[in-house]
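Position 150 of the sequence shown, counted from 1, bears residue number 150 in the numbering used here, the numbering being contiguous throughout. For glycine and all other residues, C-beta sits at the position ideal for the given N, C-alpha and C. Given the structure is predicted, the values throughout are model-derived calculations rather than measurements. Below: one structure, written as C-alpha cells.
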Amino acid sequence: FRNEISMAFIIPNDENEGIPSDNFLMRIGNVQSLDIQGVDSPTKTISGFIWTLNMFKCHAEQLCMMLSCEREGDDYPEWFCCLTAYSKLINFEDDALSRRQKFSIRVDWANDEFMESVIGFKQLIEPNTGFVRNNAITIEVRLELARSGISRMPLDPLDFSTPSRLADVTLIVEGEKLHVGKQVL
C-alpha cells in the first residue's frame with residue numbers, strides 16, 4: 001500500500017501581511033503504512049527559496065517532518081535562510097488537543113534540511129486520540145521567512161602571507177607567518 005496525499009492551501013492571515021510566507025496543508029492517507037520514505041508535498045517558493053515538506057515514520061517510532069530547501073537558480077551558491085515554522089497536527093475530535101509546535105530554523109547551502117519529531121507513532125494511531133480519521137492524518141505547516149541572504153565569495157584569492165590593513169594578528173603555522181584578522185579566529 002502506498003500512502004496517499006492530498007493537498008490544499010491555506011489563505012495567509014491578514015495580520016501577517018507583508019511577511020514572506022506560505023502554508024502546507026497535507027492529508028496523508030493509509031497512515032498505518034507510513035514508512036521511512038514518507039510522502040512529499042508539492043514544492044512552495046518563498047522569496048526565491050524552494051521548500052518541500054516530507055512526513056515520515058522515523059527510526060525512533062515517531063511521526064517526523066522534514067523541511068528541505070533549495071535556492072532558485074545557481075547564481076549564488078552560498079545562501080542562508082532564517083524562518084519560523086508553525087506546525088499543527090489536527091485532532092479531529094477536539095481542536096484544543098491538536099499538536100502545535102513552533103520552530104526557529106536556519107538552513108543554508110551546506111545544511112539545507114530541518115527535521116523534527118511531531119508525535120510518537122503509537123500515540124498517533126491510537127484509536128481514541130483523535131488524530132486519525134478514515135485512516136488519514138492532516139497536518140498544517142506555515143513557514144514565515146524572517147531573513148535571508150547570500151554570502152558572496154571574494155573574487156580574488158586571499159593572500160595571508162602579506163600583511164594587509166585588515167590583518168591585526170600574525171599566526172605562525174608550520175614556520176610560515178599568516179596575517180589574519182581577529183574576527184577570523
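>> Would aspartate 50 and glutamate 70 qualify as a contact pair, given that the criterion is a beta-carbon distance under 8 Å?
In response: Here residue 50 refers to the residue found at position 50 when the sequence shown is read from its first residue. Here residue 70 refers to the residue found at position 70 when the sequence shown is read from its first residue. Looking at the sequence shown, residue 50 is not aspartate but isoleucine. Yes, they are a contact pair.
> Around the C-beta of threonine 43, are 16 or more other C-beta atoms found within 10 angstroms, so that it is buried, or is it exposed?
Replying inline: For the purposes of this step, residue 43 is identified with residue 43 of the sequence shown, where counting begins at 1. Counting C-beta atoms within 10 angstroms of its own C-beta, threonine 43 has fewer than 16 neighbours from the protein chains shown and is therefore classed as exposed.
> What residue from Ile28, Trp79, Arg147, Ile19 has the CA that sits closest to phenylalanine 131's CA?
Replying inline: Working through the sequence shown from its first residue, we reach residue 131 at position 131. Ranking Ile28, Trp79, Arg147, Ile19 by Cα distance to phenylalanine 131 puts Ile28 first.
> Short check: CB of glycine 38 to CB of methionine 55, under 8 Å?
Replying inline: Mapped onto the sequence shown, residue 38 falls at position 38. Mapped onto the sequence shown, residue 55 falls at position 55. It is a contact, given that the beta carbons lie within the stated cut-off.
>> Going by DSSP in three states, lysine 177 sits in which element: helix, strand or coil?
In response: As a position in the sequence shown, residue 177 is number 177, starting the count at 1. Strand.
> Do you know whose CA, among Asp112, Leu83, Trp109, lies nearest valine 141's CA?
Replying inline: Taking the sequence shown and counting its residues from 1, the one referred to as residue 141 is at position 141. Looking at the Cα atoms, Leu83 is the closest of the given residues.
> So, helix, strand or coil for proline 154, using DSSP?
Replying inline: Translated into positions along the sequence shown, residue 154 becomes position 154. Here the model assigns proline 154 a pLDDT of 44, short of 50, so the residue's position is not dependable, and the following value carries that caveat. DSSP places proline 154 in coil when its eight states are reduced to three.
> Can you find at least 3 beta carbon pairs, one from the segment 167 to 177 and one from the segment 102 to 116, that sit closer than 8 Å?
Replying inline: Contact between the segment 167 to 177 and the segment 102 to 116 is not established, with fewer than three Cβ pairs separated by less than 8 Å.
>> Rounding to the nearest angstrom, what Cα-Cα distance links aspartate 22 and cysteine 64 in this structure?
In response: Start at 1 with the first residue of the sequence shown, and residue 22 comes out as number 22. Start at 1 with the first residue of the sequence shown, and residue 64 comes out as number 64. So the alpha carbons of these two residues sit roughly 20 Å apart.
> Where in the segment 63 to 95 do unbroken runs of the beta strand (DSSP E), each at least 3 residues long, occur, reported from the N-terminal end onward?
Replying inline: 79 to 89, all fully within the segment 63 to 95.
> For leucine 145, which residues from the same chain have a beta carbon less than 6 Å from its beta carbon, with the 5 sequence-adjacent residues on both sides left out?
Replying inline: To locate residue 145, count along the sequence shown from 1; it is residue 145. The residues are Pro20, Ile46, Ser47, Leu83.
> What does isoleucine 139 pair with, by DSSP beta-bridge criteria?
Replying inline: Residue numbering aside, residue 139 sits at position 139 when the sequence shown is read from its first letter. According to DSSP, which records beta bridges pairwise, isoleucine 139 is partnered with Met26, Leu89.
>> Can you tell me where the alpha helix (DSSP H) holding leucine 97 begins and where it ends?
In response: Position 97 of the sequence shown, counted from the first residue, corresponds to residue 97. Taken as a continuous stretch (DSSP letters only), leucine 97 belongs to no alpha helix (DSSP H), as it is neither H nor E.
>> Quick check: the Cα distance between lysine 57 and isoleucine 36, rounded to an integer number of angstroms?
In response: Along the sequence shown, one-based indexing puts residue 57 at 57. Along the sequence shown, one-based indexing puts residue 36 at 36. Distance between the alpha carbons of lysine 57 and isoleucine 36 is about 5 Å.
> Counting along the chain, where does the beta strand (DSSP E) carrying isoleucine 36 start and finish?
Replying inline: As a working note, residue 36 is residue 36 in the sequence shown. No residue range can be given for isoleucine 36, since it is assigned to no beta strand (DSSP E) and is classified by DSSP as neither H nor E.
> In whole angstroms, what separates the C-alpha of arginine 147 from that of isoleucine 105?
Replying inline: Within the sequence shown, residue 147 is the residue found at index 147, counting from 1. Within the sequence shown, residue 105 is the residue found at index 105, counting from 1. Distance between the alpha carbons of arginine 147 and isoleucine 105 is about 11 Å.
>> Here's the rule: buried if 16 or more other CB atoms are within 10 angstroms of the residue's CB, otherwise exposed. What is valine 118?
In response: Against the sequence shown, residue 118 aligns to sequence position 118. Label assigned to valine 118: buried.
> Among Ser33, Thr138, Asn134, which residue has its Cα nearest to the Cα of arginine 100?
Replying inline: Position 100 of the sequence shown, counting from 1, holds the residue named residue 100. Nearest option by C-alpha distance: Thr138.
> So, using beta-carbon positions, are phenylalanine 80 and glycine 18 closer together than 8 Å?
Replying inline: Along the sequence shown, one-based indexing puts residue 80 at 80. Along the sequence shown, one-based indexing puts residue 18 at 18. For phenylalanine 80 and glycine 18, no; Cβs fall outside 8 Å.
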